[in-house]
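Enquirer: Take a look at this one; I'll ask things after.
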Ligand code: GLA
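In this note's numbering, the protein residues as written are 117 to 521.
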């Protein structure tokens, strides 16, 4: 999901001023409004590892969700966004137990998450308005951005005194338990715990985190959007989750103490590959091989990043994409074209699809001086093959959600 179809090119002040005007036009001007920004994210390494207990290495970006919030004198909750014309109006003491199938399920899920324990935590009703500048369904985590941002706004307006991990937990509960998406933990962690100038290492088994330096003067993040959106992507994603589970059900019993697929050594997979293929099928074998090799790649990428070896890091990104294409089978020709074009460009360290795949965007790490030529080369290669231009944008790594102004 996203909250703004024609995303303005600029985030920051100009975008926010327009957004605030719209908030007042839609929900009326009244005192007490406060504004917040919550980032999107790119995933640099650790593709499809979060729900397998593996390590991931995402970075927040300086595009994301804008939120305006204001307390009300009554116990009403009004939720509105730039995406839909109608505001949703609810009573805080009588919130729906089930999702309605619209965007407002995400912020509503967060409200429910925060009031689950004690509804008197919300002394006042609330007007909440969301917008932003992340592209639609492109794999940049707009839903986690909305959820973590909503939690940040509610925390401030209701004076709840929550920590960053509480915001992440509220966002996770909203997406998993209320909206009902089988998402992993990477996205809300990436959004909620981000620190400028760093990528976030998350070990999704024990949930430990570490900020690894990603120097914005040496590296810029290019996101190239294929414009391809696959309607059935959620079903495909859930199927991959199921296939990985099937691999673990078969392999886990061979590894004492294993609690997730990540715990299975690659050598164990090789030993039982034939039997796994017979028992669960060739697809499940390929998925397991991707996961276990991606764990190794992600560990190597971490070492490269810590050693300041961006070329070494990038090599792992290219290898990850190849594995996503051939073993995990979540790429599409449009994504492959953009990764191949990136590989040929001077100043490029690495590129791969970001997010779940099945369309969406590639992420490329490159030297900032190479950006202009890179965008032209990618656009030419893509147009020559598909007859239309991709959207190529350059982002800076960013921090977690914050109050604006
Ligand atoms: C989607 C999910 C994440 C993660 C990625 C694949 O973006 O929301 O939790 O599984 O796919 O790495």
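Ideal Cβ placement from N, Cα and C applies to all residues, glycine included. A quick note: this is a predicted structure, and the numbers were derived from the prediction, not measured.
Identify, in the order they occur along the chain, each residue of the same chain with its Cβ nearer than 7 angstroms to the Cβ of residue 190, setting aside the five sequence neighbours on each side.
Expert: By 1-based counting over the chain shown, the position of residue 190 is 74. Answer for residue 190: 241, listed in chain order.
Enquirer: Which one or two residues does DSSP pair with residue 318 in a beta bridge?
Expert: Locating residue 318 in the chain shown gives position 202, counting from the first residue. 172, 325.
Enquirer: Return helix, strand or coil for residue 483, following the three-state DSSP convention.
Expert: Here residue 483 is taken as the residue at index 367 of the chain shown, counted from 1. Looking at residue 483 - three-state DSSP - the assignment turns out to be coil, as it is neither helix nor strand.
Enquirer: Extract the residue ranges of the alpha helix (DSSP H) inside the region 265-306, only unbroken runs of 4 or more that lie entirely within it.
Expert: Here the runs fully enclosed are 280-289.
Enquirer: Residue 431: which of 237, 416, 423 sits nearest, CA to CA?
Expert: Here residue 431 refers to the residue found at position 315 of the chain shown. The candidate whose alpha carbon is nearest that of residue 431 is 416.
Enquirer: Helix, strand or coil: which one does DSSP assign to residue 519?
Expert: In the chain shown, residue 519 corresponds to position 403, counting from 1. Reduced to three states, the DSSP call for residue 519 is strand.
Enquirer: Is any non-hydrogen atom of the ligand GLA found closer than 8 angstroms to the C-beta of residue 165, if you look at the structure I gave you?
Expert: Within the chain shown, residue 165 is the residue found at index 49, counting from 1. Checking every heavy atom of the ligand GLA against the Cβ of residue 165, one is found closer than 8 angstroms.
Enquirer: Classify residue 461 as buried or exposed, calling it buried when 16 or more other Cβ atoms lie within 10 Å of its own Cβ.
Expert: By 1-based counting over the chain shown, the position of residue 461 is 345. With 16 or more other Cβ atoms within 10 Å, it is buried.
Enquirer: Pull up the distance between the alpha-carbon of residue 457 and that of residue 496, whole angstroms please.
Expert: For this step, residue 457 is matched to residue 341 along the chain shown. For this step, residue 496 is matched to residue 380 along the chain shown. Using only the alpha carbons, I get a separation of about 9 angstroms.
Enquirer: Would you mind working out which of 485, 170, 196, 129 sits nearest residue 143, comparing C-alpha positions?
Expert: By one-based count along the chain shown, residue 143 stands at place 27. Comparing Cα-Cα distances from residue 143 to each of 485, 170, 196, 129, the minimum goes to 196.
Enquirer: Within 10 angstroms of its Cβ, does residue 303 collect 16 or more other Cβ (buried), or is it exposed?
Expert: Here the question's residue 303 lines up with position 187 in the chain shown. Classification of residue 303: buried, given that the 10 Å Cβ count is 16 or more.
Enquirer: Counting only the same chain and skipping the five closest in sequence on each side, list residues whose C-beta sits under 6 angstroms from that of residue 368.
Expert: As a position in the chain shown, residue 368 is number 252, starting the count at 1. Cβ within range, chain order: 374.
Enquirer: Please tell me whether residue 466 and residue 434 are closer than 9 angstroms, where the distance is taken between their beta carbons.
Expert: Mapped onto the chain shown, residue 466 falls at position 350. Mapped onto the chain shown, residue 434 falls at position 318. Yes, the Cβ-Cβ distance between residue 466 and residue 434 is below 9 angstroms.
Enquirer: With distance defined between alpha-carbon atoms, name the residue in 499, 177, 481 nearest to residue 428.
Expert: Indexing the chain shown from 1 puts residue 428 at position 312. Of the listed residues, the one whose Cα sits closest to residue 428 is 481.
Enquirer: Going residue by residue through the region 425-485, where are the continuous beta strand (DSSP E) segments of at least 3 residues, counting only ones entirely within it?
Expert: With a minimum length of 3 residues, the continuous beta strand (DSSP E) runs that stay inside the region 425-485 are 464-469, 477-482.
Enquirer: Note down, in chain order, each residue of its chain lying with its Cβ closer than 6 angstroms to the Cβ of residue 421, except the 5 sequence neighbours on either side.
Expert: Locating residue 421 in the chain shown gives position 305, counting from the first residue. Excluding sequence neighbours, residue 421 sits near 328, 429.
Enquirer: Could you check how far apart the C-beta atoms of residue 171 and residue 317 are, in whole angstroms? I think they sit under 8 angstroms.
Expert: On the chain shown, residue 171 is found 55 positions in, with the first residue counted as 1. On the chain shown, residue 317 is found 201 positions in, with the first residue counted as 1. Between residue 317 and residue 171 the Cβ distance is about 7 angstroms, and since that is below 8 angstroms, they are a contact.
Enquirer: Can you look up residue 151 in the DSSP assignment and give me helix, strand or coil?
Expert: Counted from its first residue, the chain shown places residue 151 at position 35. Correct three-state label for residue 151: strand.
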